[in-house]
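**Q** My structure is below; once you've seen it, I'll send some questions.
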Amino acid sequence: MIQRERIADNVYSFQSDIYAQVNAGAVIGPSWAVLIDTLAMPEESLAIREFIEQELNVPVRYVINTHSHADHAWGNCFFPGSVVIAHPLCRERLNTDGRKFLEETRHGNLSFRNVKIVLPEMTFDEGELNLRVGKKTLTLMHLPGHSADNVGVLVEEDRVLFAGDAAMPLPYIVEGDMDDLVNTLKRIGKLGLENIVQGHGDIVLRGEIESFVRDNIAYLTNIRKAVRRSAKRKYPQEFLDEVGVESCGKSRVLMTAINA
Ligand SMILES: [Zn+2]
Numbered sequence: 004m005i006q007r008e009r010i011a012d013n014v015y016s017f018q019s020d021i022y023a024q025v026n027a028g029a030v031i032g033p034s035w036a037v038l039i040d041t042l043a044m045p046e047e048s049l050a051i052r053e054f055i056e057q058e059l060n061v062p063v064r065y066v067i068n069t070h071s072h073a074d075h076a077w078g079n080c081f082f083p084g085s086v087v088i089a090h091p092l093c094r095e096r097l098n099t100d101g102r103k104f105l106e107e108t109r110h111g112n113l114s115f116r117n118v119k120i121v122l123p124e125m126t127f128d129e130g131e132l133n134l135r136v137g138k139k140t141l142t143l144m145h146l147p148g149h150s151a152d153n154v155g156v157l158v159e160e161d162r163v164l165f166a167g168d169a170a171m172p173l174p175y176i177v178e179g180d181m182d183d184l185v186n187t188l189k190r191i192g193k194l195g196l197e198n199i200v201q202g203h204g205d206i207v208l209r210g211e212i213e214s215f216v217r218d219n220i221a222y223l224t225n226i227r228k229a230v231r232r233s234a235k236r237k238y239p240q241e242f243l244d245e246v247g248v249e250s251c252g253k254s255r256v257l258m259t260a261i262n263a
């Protein structure tokens, strides 16, 4: 149901087989662990909890939500002993849109009957927040663009970035901003990383990071150019309908579901 990978000493990533290859992560300390995102389905959140608490024998003390979307933050309720950390906007969105969307989802899907929205208790909006987990230092930073509330988590010692949806195989903007996403990608490119755990899809390896950043920025720039060109046409929508993913410099990415 979930794929687990050990990325560095005491650093893990988890990928959903069910929903859009969404990723979560964990950093394990000697007496407690930090979870980064919760995946989409309750049974996936519970499988992660079982691995950390039963196999690694530490409780999850903090859950970081990279942003408010369902596939990243709805599993908070399965970690009742932990403190949830996020951007203040994430808290606000979970409290409004999140509650509404969960109510709607419950009607059509029994698996969500035990899911409750749990709001972040600890938030930060400017600068960075550091969290020490055993010998590791986590730096939480605001990486807006996909959504305005997106934060990334850098494991300083291992140079591993859990980027949330700031990094996706195909850049995707939901309640976000294109200029912000370009700036965020530039910032990611300068962090000197070993790995990027994207919000969805495969881990980006050191040798791939430069082209990942360059290609994703080029894709966004090409979309912007196409939109500008369309504005000069008599039928802009028809012009844009003809503009494909490939002509903007990326390949199509097959995922198991949309609305990520
Ligand atoms: Zn997502």
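All you need for the numbering used here is the position in the sequence shown, starting with 1, plus 3.
The beta-carbon is built from N, C-alpha and C at its ideal position, and this holds for glycine as well.
Give the DSSP-derived three-state secondary structure of G167 in the structure shown.
**A** The answer is helix: DSSP assigns G167 an H, G or I state.
**Q** Bridge partners for M181 per DSSP, in chain order?
**A** DSSP lists no partner for M181.
**Q** Does the contact criterion of 3 or more C-beta pairs under 8 Å hold for the region 121-133 versus the region 72-91?
**A** The region 121-133 vs the region 72-91: in contact.
**Q** Could you tell me which uninterrupted beta strand (DSSP E) segments, each at least 3 residues in length, are contained entirely in the region 25-56, listed from first to last along the chain?
**A** List check, beta strand (DSSP E) in window: 26-31, 36-39.
**Q** With 16 other CB atoms within 10 Å as the buried threshold, where does D74 fall?
**A** D74 should be labelled buried.
**Q** Considering only C-alpha positions, which residue in the set I55, S34, N26, Q57 is nearest to G202?
**A** Among I55, S34, N26, Q57, the Cα nearest to that of G202 belongs to N26.
**Q** Along the alpha helix (DSSP H) that carries R7, what are the first and last residues, could you check?
**A** R7 -> not in any alpha helix (DSSP H); beta strand (DSSP E) instead, spanning 5-11.
**Q** In the DSSP assignment, what are the bridge partners of E245?
**A** In DSSP, E245 forms no bridge with anything.
**Q** Evaluate D152 with the Cβ neighbour count: other Cβ atoms within 10 Å of its Cβ, from every protein chain shown; 16 or more gives buried, anything less gives exposed.
**A** Looking at its Cβ environment, which holds 16 or more other Cβ atoms inside 10 Å, D152 is buried.
**Q** Counting only runs of 4+ residues fully inside the region 60-88, write out the alpha helix (DSSP H) ranges in chain order.
**A** Those alpha helix (DSSP H) runs which fall completely within the region 60-88 and span 4+ residues are 73-76.
**Q** Can you check whether the CB of G192 is closer than 8 Å to the CB of I176?
**A** Cβ distance not < 8 Å, so I176 and G192 don't count as in contact.
**Q** Would you say the beta carbon of D205 comes nearer than 7 Å to a heavy atom of ligand 1?
**A** D205: no, Cβ never under 7 Å from ligand 1.
**Q** Measuring alpha carbon to alpha carbon, tell me which of F104, A50, R102, L42 ends up nearest G78.
**A** The option with the nearest alpha carbon to G78 is L42.
**Q** What is the DSSP secondary structure of I261, reduced to helix, strand or coil?
**A** Residue placement at I261 is poorly supported in this model, since its pLDDT is 45, which falls under 50; the coordinates still yield a value, given next. Reduced to three states, the DSSP call for I261 is coil.
**Q** Would you mind working out which of E129, R94, G32 sits nearest R135, comparing C-alpha positions?
**A** Minimum Cα distance to R135 is reached at G32.
**Q** Can you look up K139 in the DSSP assignment and give me helix, strand or coil?
**A** Here K139 sits in strand by DSSP.
**Q** Should G2 be counted as a contact of ligand 1 given a C-beta to heavy atom distance under 7 Å?
**A** A query on residue 2 cannot be resolved here, the shown segment of the chain reaching from 4 to 263 and no further.
**Q** Do the CB positions of N13 and G137 come within less than 8 Å of each other?
**A** Cβ atoms of N13 and G137: closer than 8 Å.
**Q** Less than 8 Å between C-beta atoms, sequence neighbours within five positions excluded: which residues of the same chain meet that for D244?
**A** Nothing meets the Cβ criterion.
**Q** What residue range does the alpha helix (DSSP H) around F17 cover?
**A** Premise fails: F17 lies in the beta strand (DSSP E), 14-19, not in any alpha helix (DSSP H).
**Q** When we look at the beta-carbon of R94 and count the other beta-carbons within 10 Å, is it buried (16 or more) or exposed?
**A** R94 should be labelled buried.
**Q** To which residues of the same chain is L49 closer than 7 Å at the C-beta, ignoring the five residues directly before and after it?
**A** Closer than 7 Å at Cβ, skipping near neighbours: F81.
**Q** Any idea what DSSP makes of G210, helix, strand or coil?
**A** Helix.
**Q** Given that a residue counts as buried once 16 or more other Cβ atoms are within 10 Å of its Cβ, and exposed if not, what is Q240?
**A** Its Cβ having fewer than 16 others within 10 Å, Q240 is exposed.
**Q** According to DSSP, is V156 helix, strand or coil?
**A** In this structure, V156 counts as strand in the three-state DSSP scheme.
**Q** For my contact list, E53 and I5 are in at a C-beta cut-off of 8 Å; report their separation, rounded to the angstrom.
**A** Incorrect: roughly 11 Å between the Cβ atoms, too far for contact.
**Q** Taking the C-alpha atoms as reference points, what is the distance between A11 and K237?
**A** Taking the straight line from one Cα to the other gives about 54 Å.
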